[in-house]
Each structure stands twice: as C-alpha cells, then as structure tokens.
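Peer 1: I have a structure here, written as structure tokens, and I will follow up with some questions on it.
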Amino acid sequence: MLVLLSLGHFFVDLYSSALAVLQPLLLAKLNLSLTQAGVLGGVMICSSSVMQPAYGYLSDRFRSRLFSALAPAVAGVFISALGMAPSYGWLLAMVALGGAGVASFHPQASSRVGLSTTANRGRWMAVFISSGALGMSFGPTYFTTLANKLGLERAVWGALPGIAVTLLLLFVLPPPAARTAAGRHRFEWRPLRAVARPLTILYFAVFFRSIVQIAFTQFIPLYLTRERGYSLSAASATLTLYLLSGALGGFIGGHFADRFGGRLVILISLIGSAPFLALFLATSGAVSAVCLALGGLILLFTIPVNVVMAQELAPSQSGTISALMMGFAWGVAGMIFIPLTGWIADHTSLHLALSLLVAFPVLGFLVTLKLPKDLSHA
177 MLVLLSLGHF FVDLYSSALA VLQPLLLAKL NLSLTQAGVL GGVMICSSSV
227 MQPAYGYLSD RFRSRLFSAL APAVAGVFIS ALGMAPSYGW LLAMVALGGA
277 GVASFHPQAS SRVGLSTTAN RGRWMAVFIS SGALGMSFGP TYFTTLANKL
327 GLERAVWGAL PGIAVTLLLL FVLPPPAART AAGRHRFEWR PLRAVARPLT
377 ILYFAVFFRS IVQIAFTQFI PLYLTRERGY SLSAASATLT LYLLSGALGG
427 FIGGHFADRF GGRLVILISL IGSAPFLALF LATSGAVSAV CLALGGLILL
477 FTIPVNVVMA QELAPSQSGT ISALMMGFAW GVAGMIFIPL TGWIADHTSL
527 HLALSLLVAF PVLGFLVTLK LPKDLSHA
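Under our numbering, the sequence shown has 183 at position 7, and the numbering climbs by one with no breaks.
Shown next, in the form of structure tokens:
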C-alpha cells in the first residue's frame, strides 16, 4: 500500500507544481500583472492546502478511499487544462478545482502511511513525502515540455497519467480500516487541546518554512525569466533542480530524525538553509543554482519530521493533524505571501521581494527553540 500511495502522491504533486511554470505563458496570453499572478497562486494554495483540514476531517469521519483515489484525475484534468482558459475568471475557477484534487489526497493518504508503520516511521513517512516532492520537482519540466511540443492549450494531454493512476487506485487501494463504533463519525478536540502548545510551535515552524518554500517555488520561473534573462526552459530546469533537491532533503531529514531526533533536525534545517538561499540571490550562474539547490535541500529536511512528530502527539486524529501540518500551514503561508510577494514585486522588483523572504527560516528557528526536547512530556 505504501508504494501505491507514494505513486499517487508523485502524480498529485506533479500537477500541483504546474502553475508556477505555466504562469509566464498564462500572463502573456491573458495580459496579467504580477499581482494577478500572485492572487492566482493564492487561490491555488487556498484550494490545495488551506482546505486540507476539511478533507482530513471528512476522511476521518467517512472513511472512504475516494478522497485518495479520485484526486490524481481531478488534479490532472483541471490543472493540465489551464491553457484552455479563455479569461482570468475561468483560470481562477480551474485552478480552484484542480487544487481541490490535490487537497483531498494528502490528509487521508499521509494518515494511512503513518498508521500502517510502527518502526522507523520517520523514514517511511519520508519515502511517501519524498515521492510527492519528486513529483513536484518533475512537474515544471513535464509541463514545459508539453507546452513547447504541443502548445499551451494542448497541454491538457498531460492529464492522462493522473487519470491512469486514479483507475489503478480505484481497483487496487483497499478501503480504510473501520473504526470502533465509539470512535466512528466523531471528531475529538480533546486530544488536540492536550498537546496544544507543542502543536502550535510545530505549526509555526512549518508556517515560516512554508513562506519561503512556496513563494520561491511560485516565483522562481518569473524571477529568472524577467530579471535574469533566462529562457523558460532554463528557468524550469532551475526550478526542477530546486524541487528535486527538496525531495532529497525530505528523505534525508526523515532518516536523520530517526537517528538524532526531530527537534534537532528542524533547528538545523531552518538556520542552515537561510545562508544558501541568500547566496542564490546574491550570486549568478552555476554558483547561484548550486546555492539554490543546497538551500532547498536543507530547508525541506523538516517536511516528514513535522508530520510524524504531530501524528505522535495526536494519533487518534491523524488525518486532521496531517492536514494541519502538510496543508493548512503551507496554505495560509501561500495565501498571504504569494499575493504579497507579487504586490511587492510590482512596486519594487522580484529580487527584493524574494530577498525579504529569507528572514523567515531564521524566525522559524527561534520559534522551534521553544519546542520541548521530549514531546512525550509536553
């Protein structure tokens, strides 16, 4: 089941990263501003991430595999068809519907992975999460190739892998295990209230990391093409390098957490990534690309670590808690800071807007210092 869910995660996140690389083409086609591009990214984040706790609640309540199984097809169809949107309004609607497919997959799938493993949970969660990060890293190259070969409007053929994976999940994925009669159809606040303080600290650590992660992902292609003169293919390749490094970082972070503890890994990740991200903006050429890759690798050490630590704090609400750490924190960060970054860029430059974001991992480091060393006594 882990392999099957990891495959689904790969394709769902492949589609979730398409908007960033398609934006330069969509902006040119519909004559959009950077602020409008930021709002578009914010809608994507709201639909695909902020709504994840709602899907986590529903999946915990109804125990239907359709939350996971239908997601790749829904995300694939609407995201791949963005080039067919005749207006900005249609573009916003299609982004919202595609993001809904992304949102429905993550809480249930990550919950099932977490509950199906006992030993080395950090490592197994890292495999699942890194599969999604790997898909996200290939998304820009995949959609750039489709757009270059077929044209923006015919990139809709990119939905076929997602439809195929949905069919596979419908035929093979077993239904979630039934709960006891007492636990079925009931969401419980008590387990969350009991660990509110460490959960809040973990949430803000994810939030500050996500500000940088998501804004860089959204604006790197625009930054490189508009302010550094890159071709779309070169900018997409750079974004792929950044995301691929992040996928590797997630896998490494899960392994390190099992050996050295999650708190230490989060601290190292947040304080260690900021200098390399700053150097990406301060340098050029190959040095800049290497610094971006190293910054992404270290920054994303924390993704599986945060999820596993949160699930261990409230295992009975694993779907909801997974959505809180994987989707809601990411989503709130994106809804606020993607439009804000676009607005700042319209009034100054993308270089300055991205430079300001590098302070947030440092803030995350300071917040994480307050996390108890032993969460079992939090």
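Ideal Cβ placement from N, Cα and C applies to all residues, glycine included.
Comparing alpha-carbon positions, which option in 196, 183, 210 lies nearest residue 519?
Peer 2: With distances taken between Cα atoms, residue 519 lies closest to 210.
Peer 1: Contact between the region 538 to 549 and the region 458 to 466 is defined here as three or more beta-carbon pairs at a separation below 8 Å; is this criterion met?
Peer 2: They do not touch, by the three-pair rule.
Peer 1: Give the DSSP-derived three-state secondary structure of residue 552 in the structure shown.
Peer 2: Only weak support exists for where residue 552 lies, its pLDDT of 49 falling under 50; the value from the coordinates is given anyway. Helix.
Peer 1: Cα separation between residue 526 and residue 419?
Peer 2: Answer to the nearest angstrom: the Cα atoms are 19 Å apart.
Peer 1: For residue 206, which option in 237, 267, 242 has the closest C-alpha, if you only look at C-alpha atoms?
Peer 2: Checking every option, the nearest Cα to that of residue 206 belongs to 267.
Peer 1: For residue 529 versus residue 521, is the C-beta spacing smaller than 8 Å?
Peer 2: A contact, by the Cβ cut-off of 8 Å.
Peer 1: Please report the residue range of the alpha helix (DSSP H) in which residue 482 lies.
Peer 2: From DSSP, the alpha helix (DSSP H) with residue 482 extends over 478 to 489.
Peer 1: Can you have a look at residue 376 and say buried or exposed, based on whether 16 or more other CB atoms are within 10 angstroms of its CB?
Peer 2: Flag for residue 376 reads exposed.
Peer 1: Does DSSP put residue 227 in a helix, in a strand, or in coil?
Peer 2: The answer is coil: DSSP assigns residue 227 none of H, G, I, E or B.
Peer 1: Helix, strand or coil: which one does DSSP assign to residue 327?
Peer 2: Correct three-state label for residue 327: coil.
Peer 1: Pick helix, strand or coil for residue 385, following the three-state DSSP scheme.
Peer 2: Helix at residue 385.
Peer 1: Between residue 261 and the rest of its own chain, which residues show a CB-CB distance below 7 Å, the 5 nearest in sequence each way excluded?
Peer 2: Hits under 7 Å: 267, 270.
Peer 1: Taking the CB atoms as reference points, tell me whether residue 279 and residue 225 lie closer together than 8 Å.
Peer 2: Yes, the Cβ-Cβ distance between residue 279 and residue 225 is below 8 Å.
Peer 1: Do residue 351 and residue 237 count as a contact pair if the criterion is CB distance below 8 Å?
Peer 2: No, they are not a contact pair.
Peer 1: Let me make sure I understand the geometry here. Which of 378, 398, 231 has the alpha-carbon closest to that of residue 481?
Peer 2: Minimum Cα distance to residue 481 is reached at 378.
Peer 1: Just the C-alpha distance for residue 358 and residue 320, rounded to the nearest angstrom, thanks.
Peer 2: Bear in mind that the predicted position of residue 358 carries a pLDDT of just 42, short of 50, making it unreliable; the figure below should be weighed with that in mind. About 50 Å.
Peer 1: Label residue 506 either buried or exposed according to how many other C-beta atoms from any shown protein chain fall within 10 Å of its C-beta, with 16 as the threshold for buried.
Peer 2: The residue in question, residue 506, is buried, as its Cβ has 16 or more Cβ neighbours within 10 Å.
Peer 1: May I ask you to report which of helix, strand or coil DSSP gives residue 560?
Peer 2: It is not possible to answer for residue 560, since the shown part of the chain is limited to 177 through 554.
Peer 1: What are the boundary residues of the alpha helix (DSSP H) that residue 408 is part of?
Peer 2: Residues 408 to 436.
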